[in-house]
Amino acid sequence: MGFVISREPNHSDTQKYPPEDAQKKDKDTMNQKSSQKHFVPKHTGKRNPAKVAALVIAIVLALLAGGTAAAGIWIGNLDTVYPNLSLNGTMLGGLSTEEAAAALDAAGYNSHEGEEVTVQLPLNRSLVITAEELGAVLNSEEAADAAFRYGRENGFFGNALAYVRCLLKEQDIAGEAHENLTIDENALRARVSKAVSELEADLMSSDLHIGEDTVTVVKGASAIRLNEDQLYDMIAAAFAVRDWTPLNYNGGVSGDQTLDVDSLYETVRTEPEDAFYDPETNSVTEHVNGLDFDLDLAQKLWDEAENGDLVTIPLIVTEPEVTTESLTELLFADLLGQKSTGLGGSSSSRINNIQKAVEAIDGIILDPGEEFSYNEALGPRTAENGYQPAGAYSGGKVVTEYGGGICQVSSTLYYVALLANLEITDRTCHYFGVSYLPAGLDATVSWGGPEFKFRNDREYPVKIEAYTDMEAYTVVVKMWGTDVDGSYVELSAYTWETDDGYGAQSYRLIYAADGTLIEQKAEARSIYHYEKEEEEEEEDEEDEDDEDEEADPTASPEPSEEPEPSESPE
Numbered sequence: 024m025g026f027v028i029s030r031e032p033n034h035s036d037t038q039k040y041p042p043e044d045a046q047k048k049d050k051d052t053m054n055q056k057s058s059q060k061h062f063v064p065k066h067t068g069k070r071n072p073a074k075v076a077a078l079v080i081a082i083v084l085a086l087l088a089g090g091t092a093a094a095g096i097w098i099g100n101l102d103t104v105y106p107n108l109s110l111n112g113t114m115l116g117g118l119s120t121e122e123a124a125a126a127l128d129a130a131g132y133n134s135h136e137g138e139e140v141t142v143q144l145p146l147n148r149s150l151v152i153t154a155e156e157l158g159a160v161l162n163s164e165e166a167a168d169a170a171f172r173y174g175r176e177n178g179f180f181g182n183a184l185a186y187v188r189c190l191l192k193e194q195d196i197a198g199e200a201h202e203n204l205t206i207d208e209n210a211l212r213a214r215v216s217k218a219v220s221e222l223e224a225d226l227m228s229s230d231l232h233i234g235e236d237t238v239t240v241v242k243g244a245s246a247i248r249l250n251e252d253q254l255y256d257m258i259a260a261a262f263a264v265r266d267w268t269p270l271n272y273n274g275g276v277s278g279d280q281t282l283d284v285d286s287l288y289e290t291v292r293t294e295p296e297d298a299f300y301d302p303e304t305n306s307v308t309e310h311v312n313g314l315d316f317d318l319d320l321a322q323k324l325w326d327e328a329e330n331g332d333l334v335t336i337p338l339i340v341t342e343p344e345v346t347t348e349s350l351t352e353l354l355f356a357d358l359l360g361q362k363s364t365g366l367g368g369s370s371s372s373r374i375n376n377i378q379k380a381v382e383a384i385d386g387i388i389l390d391p392g393e394e395f396s397y398n399e400a401l402g403p404r405t406a407e408n409g410y411q412p413a414g415a416y417s418g419g420k421v422v423t424e425y426g427g428g429i430c431q432v433s434s435t436l437y438y439v440a441l442l443a444n445l446e447i448t449d450r451t452c453h454y455f456g457v458s459y460l461p462a463g464l465d466a467t468v469s470w471g472g473p474e475f476k477f478r479n480d481r482e483y484p485v486k487i488e489a490y491t492d493m494e495a496y497t498v499v500v501k502m503w504g505t506d507v508d509g510s511y512v513e514l515s516a517y518t519w520e521t522d523d524g525y526g527a528q529s530y531r532l533i534y535a536a537d538g539t540l541i542e543q544k545a546e547a548r549s550i551y552h553y554e555k556e557e558e559e560e561e562e563d564e565e566d567e568d569d570e571d572e573e574a575d576p577t578a579s580p581e582p583s584e585e586p587e588p589s590e591s592p593e
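For reference, each letter of the sequence shown is one residue, going 24 to 593 in my numbering.
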């Protein structure tokens, strides 16, 4: 144990003193001690403190008497960390500084996890500042260097004593390694100042906060006073001793506050409000939950709290019947009506015009009470607007004009508006019957008149969907909205013969969800004319886009039957 400084024998001295036996015995003893020069004893049991103290005293006395300077020189020349030296539990004894740094790296020393000061502030806020933020950490290389320097800066005698202490007992030098660390005072000041400023601002506006399910009141908020210097000193002191225990700082609180429960109740209490569709924004408004609370409970919680405490009062929340989420799910969720009409026999120009028309009305949303105008939706049918010449009815004749064919779209939309049970405000039948819809269920239009209009008289908005399906060769129109009661509409019509054509009366039959007929409403009375034979021949020559054969003008349809009118360019 320990170390021995021995002198070399004087070979010129022939006298053997002490005697040979004693000399041999001393030599053996010296050899035994020399072999134990770097031996660190293992603790096999509890040391006797008196014996340990006596041993240390004996070694110190020996050093003082026989070779302190030499021992100090020998220890000072060691290129490894003192034996039995550790840092935060990582053994570094006998390692070079490079090896010690590697050992600390392997032990995760550089993570500095948990090296932070946490301060609990008023309003349930907390301020967390890490040692790394303030530059108050050692990396592995710096820590290894501090371990190597341990016991080497106190002179020969002090260095020898430090070495002996390490031989006798493991020394963890975490405290010594960090004792000279300094914090970045400017950085700490900045963090503290920001935290205090934000907290003071929050305190000024935190007397009352109404959340989704609680109302919070800070008792004595207006009386709380914060001191930056106090908070700074508290944190700096913790870093100085590397004490990571959480701290509490409530500032100074003077006086007391009483709670005006009735006034708080009037402030917080809110009636529930339904969400609704806002036509100006085309969106659903946010619903308002009803809020209420128990006055007696609020007073009890307040009385039990200390100044500076955040008093949390549970709210009684009542949702309205119509929430934002439920209404959003309802909008345009139901197909109120749809209809497809064929494009058979249509020319490319007519199909172009039809496609322009469906593009114009596709996606239009009508809010409750809003009226739709077909002419306004399409605008003038001109070449500049992309329309082409095609067969059309005008003044009781078949002519070729820009936009020919768009009446098939208006008629299909009219049919769908009836199925959606919307109010028809303006509709005119064709002069000649059309082939793509039953008699009485068509709607002709022309720029400047006639017009086709309807109003959304439903509770929720409706949206038009329109397109051409070129695989099925059809025009498709759908009406989307909100079906509130499951009711639905069926359409019917009966026809009769006139002097030069036939008439039709259409009906809207409204049924309840269970199939019970609610109302049979007479919808529209229509009069159609038969085309004369010479007009038909002229049309065949000028317009090769006719769809069907002309109806027999001599036919007399029964009231329950529908005539077979000629193909309508419209």
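Where a beta carbon is used, it is the ideal one built from N, C-alpha and C, also for glycine.
Quantities reported herein were computed from a predicted structural model and do not represent experimental measurements.
Taking only three categories from DSSP, how would you classify residue i?
i      : result
Pro337 : strand
Ala325 : Looking at the sequence provided, one finds Trp at residue 325 rather than Ala. Looking at Trp325 - three-state DSSP - the assignment turns out to be helix.
Phe180 : helix
Asn271 : strand
Gln253 : helix
Ile28  : Note on Ile28: pLDDT 31, under 50, position unreliable in the model; the coordinate value appears next. In the structure shown, Ile28 sits in coil (DSSP, three-state: anything other than H, G, I, E or B).
Leu320 : helix
Ser58  : Any reading at Ser58 must be qualified, since the residue scores a pLDDT of 40, below 50, and its modelled position is unreliable; the value itself is stated next. Three-state DSSP puts Ser58 in a helix.
Ile429 : helix
Pro64  : Summary for Pro64: the model assigns pLDDT 38, below 50, so the residue's position carries little reliability; its value from the coordinates is reported in the next sentence. Pro64: coil per DSSP, three-state reduction.
Asp195 : strand
Glu396 : One point to set straight first is that residue 396 is Ser, not Glu, in the sequence displayed. If DSSP states are grouped into helix, strand and coil, Ser396 belongs with the strands.
Lys242 : coil
Asp225 : helix
Ile206 : coil
Here's the rule I'm using: 16 or more other beta-carbon atoms within 10 Å means buried, otherwise exposed. How should residue i be labelled?
i      : result
Lys362 : buried
Tyr483 : buried
Gly456 : buried
Asp252 : exposed
Pro337 : exposed
Asn100 : exposed
Gly158 : exposed
Thr518 : buried
Asp332 : buried
Leu401 : buried
Val151 : exposed
Leu211 : buried
Note the first and the last residue of the continuous alpha helix (DSSP H) segment covering residue i.
i      : result
Val284 : Val284 to Val291
Val445 : This sequence places Leu at residue 445; Val is not what is there. Element bounds for Leu445: n/a, residue is neither H nor E.
Val377 : For clarity, residue 377 is Ile in the given sequence; the question names Val instead. Where Ile377 is concerned, the enclosing alpha helix (DSSP H) stretches over Ser371 to Ile384.
Thr120 : Thr120 to Ala129
By how many angstroms is the C-alpha of residue j removed from the C-alpha of residue i?
i      : j      : result
Leu287 : Lys323 : 14 Å
Asp168 : Glu156 : 22 Å
Ser149 : Asp207 : 21 Å
Thr351 : Ala328 : 43 Å
Asp508 : Ala440 : 18 Å
Thr7   : Tyr511 : Look at the range of the chain in this structure, 24 to 593, and you will see that residue 7 is not part of it.
Tyr534 : Ala547 : 19 Å
Lys379 : Gly368 : 18 Å
Val238 : Glu344 : 23 Å
Thr346 : Glu294 : 14 Å
Gly360 : Leu514 : 12 Å
Thr290 : Ile258 : 40 Å
Ser544 : Glu407 : Sequence inspection shows Lys at residue 544; the Ser mentioned does not correspond to that position. Those two C-alpha atoms are separated by around 42 Å.
Leu358 : Ser372 : 31 Å
So, is the C-beta of residue i closer than 9 Å to a C-beta in chain D?
i      : result
Val151 : Of the protein chains in this structure there is only one, and it is not chain D.
Can we count residue i as close to the ligand GTP, meaning its CB is less than 8 Å from some heavy atom?
i      : result
Val457 : Ligands in the displayed structure: none, and consequently the ligand GTP is not present.
Quick one: give me the first and last residue of the beta strand (DSSP E) that residue i is part of.
i      : result
Ala495 : Here Ala495 belongs to no beta strand (DSSP E), and DSSP marks it neither H nor E.
Arg548 : Leu540 to His552
Ala169 : First-last for Ala169: Ser163 to Arg172, but that is the alpha helix (DSSP H), not the beta strand (DSSP E).
Leu350 : Counting along the chain, Leu350 falls outside any beta strand (DSSP E), though it belongs to the alpha helix (DSSP H) covering Thr347 to Leu353.
Leu358 : Asp357 to Gly365
Ser149 : Arg148 to Thr153
Val311 : That residue, Val311, is in no beta strand (DSSP E); it is neither H nor E in DSSP.
Tyr530 : Gly524 to Tyr534
Val142 : Glu139 to Leu144
If contact is defined by three or more beta carbon pairs under 8 Å, each pair taking one atom from either stretch, is the stretch 497 to 504 in contact with the stretch 523 to 541?
no
Is it the case that the stretch 101 to 119 contacts the stretch 190 to 199, given that we only count it when at least three CB pairs across the two stretches are under 8 Å?
yes
If contact is defined by three or more beta carbon pairs under 8 Å, each pair taking one atom from either stretch, is the stretch 419 to 433 in contact with the stretch 376 to 395?
yes
Report yes or no: do the stretch 304 to 322 and the stretch 339 to 351 share at least 3 C-beta pairs separated by less than 8 Å?
yes
Count Cβ pairs between the stretch 472 to 487 and the stretch 353 to 368 that sit closer than 8 Å; are there 3 or more?
yes
Below 8 Å, how does it come out for the stretch 294 to 309 and the stretch 386 to 399: are there three or more Cβ pairs, yes or no?
With a cut-off of 8 Å, the stretch 386 to 399 and the stretch 294 to 309 count as touching, because enough Cβ pairs lie within range.
Using 8 Å as the threshold, is the stretch 258 to 271 in touch with the stretch 141 to 148, meaning 3 or more CB pairs across them?
yes
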